[in-house]
Amino acid sequence: MITGNFEYHQPSSLPEAVALLSKLGDDARVIAGGHSLIPSMKLRLAMPEHLIDLQGIGELKNIQISGGEVRIGAMTTQAELIASEALYKSAPIIRETALQIADPQVRYMGTIGGNVANGDPGNDMPALMQCLDANFVLQGPDGERVVKAREFYEAAYFTARDDLEILSEIRFSECSGGFAYGKQKRKIGDYATAAAAVLLTKDGNNCSHASIALTNLADTPLYCEEASAMLQNGGVNDENIAAAVTSAMAQIEPVDDNRGPAEFKKHAASIVLASAIRDAWARA
Amino acid sequence: MSKQTITLNVNGKSVAAEAESRELLIHVLREQLEITGPHIGCETSHCGACTVDIDGMSVKSCTVFAVQAQGKEITTIEGLGNPDKLHVLQEKFREHHGLQCGYCTPGMITRAHRLLEENPNPTEEDVRFGIAGNLCRCTGYQNIVKAVLAAAEELKQGENVA
């Protein structure tokens, strides 16, 4: 399969990339790992006239942890996220999630920036970023701005990122406590039939912090504010887990597709979420 | 669009090719450089038959434009062994019947090579998880896994290191 024709650009700095994108405008697309964009170019779902490859921009490839904050450059690959022991100490849920994305070859190329910026509801990192209450740093012609992951996703493939902006960095607070990313999929490499990211902090028998978000159960990732509050205020017990799952299920809007009818997905989602809550609490 | 010259290091040799931006790495390798070990299977990033090693990473070469590989070091099955001196993985695939039609084998072995470089002491589960991006429609994987584990064992003992 051959893609449409395009002109290839490889800027060596972020300002250069932003300037190039401003100049070329709508005719250009930024390419990170390319494992979503190249397949959609083959299908001619995307037909950019210019591709701006970010691979030569070293400043976009790093993981920094200091003062309780984690900063990950957008071009950091899933394989690099998995391999980082420092990141595993600060936010183990990242490795748990990244290991469930695609397959080894795709994880060598696929980047965290591409995964969150593309706006594909099937991608796993967006819900995780909402669960972590992460911030996305966007660089555009008018400078830098920061958008919360919980406010970034508007609809499938539509996000708060302007066409002339490049997502450069992801920031979130280190997280201690229990974590789980549960994912039901048909096979390795598949997108989720249903997936749930859960963070729970234990304080004695109480839950001092709870955060829940869901993948591929609507046209955007879903942060479940009410369900999170139920666990945080009422504690993690069978009754509250059931109530939190019921609340989260009221938020989802799955559609019938080759992963199954909506009713099945609802069923799968409720089981995936309940089990992720239990796993996170057991590790808290 | 005009073609551009790309320089690659393939299997230890510096080579040049003329390619349009949209030419995929697998097409340039096979059609211009006549390196036909990596195969075109699905061409949709699923099957792994086109797997090559780029700067120490297993990559599906149907999902990279050749221009993106400018200046990189690429290893294909041709760079691992040859009929006169098989790589340990190739020997073990033969010994353990790790192939039937052989179509997936170059990608499978190129991937397994990187897996063993990163994890010389894999469990069966590590091998299965590590080759999950390569599909085989003949063997049912059982003998592929056996072959990779046997190769790991042999490489550890330092015998016959390729």
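Here the protein sequences come in this chain order: A and R.
Per the working numbering: the first sequence = residues 1 to 284.
Per the working numbering: the second sequence = residues 285 to 446.
Beta carbons are placed, not taken as given, at the ideal position from N, Cα and C, and that holds for glycine.
All values reported here derive from a predicted model rather than from experimental measurement.
Nearest neighbour of residue i, chosen from the options [CA to CA]
| i | options | result |
| --- | --- | --- |
| Cys175 of chain A | A:Pro126, A:Lys266, A:Leu217 and A:Pro92 | A:Pro92 |
| Thr320 of chain R | R:Val336, R:Cys326 and R:His330 | R:Val336 |
| Thr359 of chain R | R:Leu373, R:Val351, R:Gln374 and R:Ser342 | R:Ser342 |
| Thr407 of chain R | R:Arg306, R:Lys376 and R:Lys430 | R:Lys430 |
| Ile31 of chain A | A:Ile112, A:Lys187 and A:Ile94 | A:Ile112 |
| Ala350 of chain R | R:Lys287, R:Gln288, R:Glu307 and R:Glu401 | R:Glu307 |
| Phe152 of chain A | A:Ala242, A:Ala180, A:Gly119 and A:Leu51 | A:Gly119 |
| Glu169 of chain A | A:Lys187, A:Gly182, A:Tyr181 and A:Met129 | A:Met129 |
| Ala353 of chain R | R:Cys326, R:His311 and R:Glu327 | R:His311 |
| Pro322 of chain R | R:Phe413, R:Leu439, R:Leu364 and R:His380 | R:Leu364 |
| Ile188 of chain A | R:Ala434, R:Met392 and R:Ile415 | R:Ile415 |
| Glu49 of chain A | A:Gln64, A:Ala28, A:Glu96 and A:Gly58 | A:Ala28 |
| Ile166 of chain A | A:Arg145, A:Leu81, A:Ala127 and A:Gly204 | A:Arg145 |
| Ala117 of chain A | A:Arg161, A:Pro141 and A:Ser270 | A:Arg161 |
| Thr347 of chain R | R:Asp339, R:Ala396, R:Pro367 and R:Ile324 | R:Ile324 |
| Tyr387 of chain R | R:Asn295, R:Ile290 and R:Ala333 | R:Ala333 |
| Thr3 of chain A | A:Gly33, A:Leu37, A:Val18 and A:Ala19 | A:Leu37 |
| Ile338 of chain R | R:Asn405, R:Gln316, R:Gly296 and R:Ser286 | R:Gly296 |
| Lys440 of chain R | R:Gly417, R:Pro404 and R:Arg421 | R:Pro404 |
Interface residues of chain A facing residue i [CB-CB closer than 8 Å]
| i | result |
| --- | --- |
| Ala416 of chain R | Asp103, Pro104, Ile188 and Gly189 |
| Arg348 of chain R | The sequence given here places Val at residue 348 of chain R; Arg does not occur at that position. Under the 8 Å cutoff, chain A gives Gly34, Ile38 and Met109. |
| Thr335 of chain R | Gln105 |
| Met392 of chain R | None at all; the shortest Cβ gap to chain A is about 12 Å. |
Per-residue contacts from residue i into chain B (C-beta, under 8 Å)
| i | result |
| --- | --- |
| Glu304 of chain R | Of the protein chains in the structure, A and R, none is chain B. |
Whole-Å CB distance - residue i paired with residue j, under 8 Å assumed
| i | j | result |
| --- | --- | --- |
| Met296 of chain A | His35 of chain A | Limits of chain A in this structure are 1 at one end and 284 at the other, which puts residue 296 of chain A out of reach. |
| Gly178 of chain A | Leu200 of chain A | 4 Å |
| Leu292 of chain R | Val299 of chain R | 6 Å |
| Ala196 of chain A | Val272 of chain A | 5 Å |
| Ala284 of chain A | Lys202 of chain A | 4 Å |
| Thr389 of chain R | Phe377 of chain R | 6 Å |
| Phe172 of chain A | Val70 of chain A | 6 Å |
| Cys331 of chain R | Leu400 of chain R | Incorrect: roughly 21 Å between the Cβ atoms, too far for contact. |
| Asp133 of chain A | Ser211 of chain A | 7 Å |
| Ala274 of chain A | Ile241 of chain A | 6 Å |
| Leu373 of chain R | Ala301 of chain R | With a Cβ gap of about 28 Å, Leu373 of chain R and Ala301 of chain R do not count as contacting. |
| Ala268 of chain A | Ala194 of chain A | 5 Å |
| Ala19 of chain A | Ile52 of chain A | Actually they do not touch by this definition, with Cβ atoms about 10 Å apart. |
| Ile72 of chain A | Ile63 of chain A | 5 Å |
Local conformation of residue i per DSSP, three classes
| i | result |
| --- | --- |
| Phe158 of chain A | strand |
| Cys207 of chain A | strand |
| Ile2 of chain A | coil |
| Ser342 of chain R | strand |
| Glu85 of chain A | helix |
| Ile166 of chain A | strand |
| Thr320 of chain R | coil |
| Leu217 of chain A | coil |
| Asp53 of chain A | strand |
| Thr389 of chain R | helix |
| Leu43 of chain A | coil |
| Leu37 of chain A | helix |
| Pro303 of chain R | According to the sequence provided, residue 303 of chain R is Ala. The question's Pro does not apply to it. Strand, per DSSP. |
| Arg186 of chain A | coil |
| Ser358 of chain A | Outside the modelled stretch of chain A, which goes from 1 to 284, sits residue 358 of chain A, for which no answer is possible. |
| Asn135 of chain A | strand |
| Thr246 of chain A | helix |
| Phe349 of chain R | strand |
| Val294 of chain R | strand |
| Ser176 of chain A | coil |
| Lys430 of chain R | helix |
| Leu260 of chain A | Per the sequence shown, residue 260 of chain A should be read as Gly rather than Leu. Strand at Gly260 of chain A. |
| Asp27 of chain A | helix |
Residue i burial status per 10 Å Cβ neighbour count (16 or more: buried)
| i | result |
| --- | --- |
| Thr246 of chain A | exposed |
| Ser320 of chain A | Residue 320 of chain A is absent from the model: chain A starts at 1 and stops at 284. |
| Ala303 of chain R | buried |
| Asp103 of chain A | buried |
| Ala227 of chain A | buried |
| Tyr223 of chain A | buried |
| Asp279 of chain A | buried |
| His381 of chain R | exposed |
| Leu14 of chain A | buried |
| Lys369 of chain R | exposed |
| Glu154 of chain A | exposed |
| Lys42 of chain A | buried |
Per-residue contacts from residue i into chain R (C-beta, under 7 Å)
| i | result |
| --- | --- |
| Tyr223 of chain A | What Tyr223 of chain A touches in chain R: nothing, since even the nearest Cβ is about 30 Å away. |
Where residue i meets chain R, residues with beta-carbon distance less than 9 Å
| i | result |
| --- | --- |
| Gln55 of chain A | Gln352 |
| Tyr88 of chain A | Within 9 Å Cβ-Cβ: nothing; Tyr88 of chain A doesn't reach chain R, min ~16 Å. |
Where residue i meets chain A, residues with beta-carbon distance less than 9 Å
| i | result |
| --- | --- |
| Glu327 of chain R | Met1 and Lys42 |
| His330 of chain R | Asp103 and Gly189 |
Under 7 Å by beta carbon: chain A residues contacting residue i
| i | result |
| --- | --- |
| Lys344 of chain R | Gln105 |
Proximal residues of chain R, C-beta to C-beta of residue i below 8 Å
| i | result |
| --- | --- |
| Tyr153 of chain A | The contacting residues do not exist; Tyr153 of chain A stays about 24 Å from chain R at best. |
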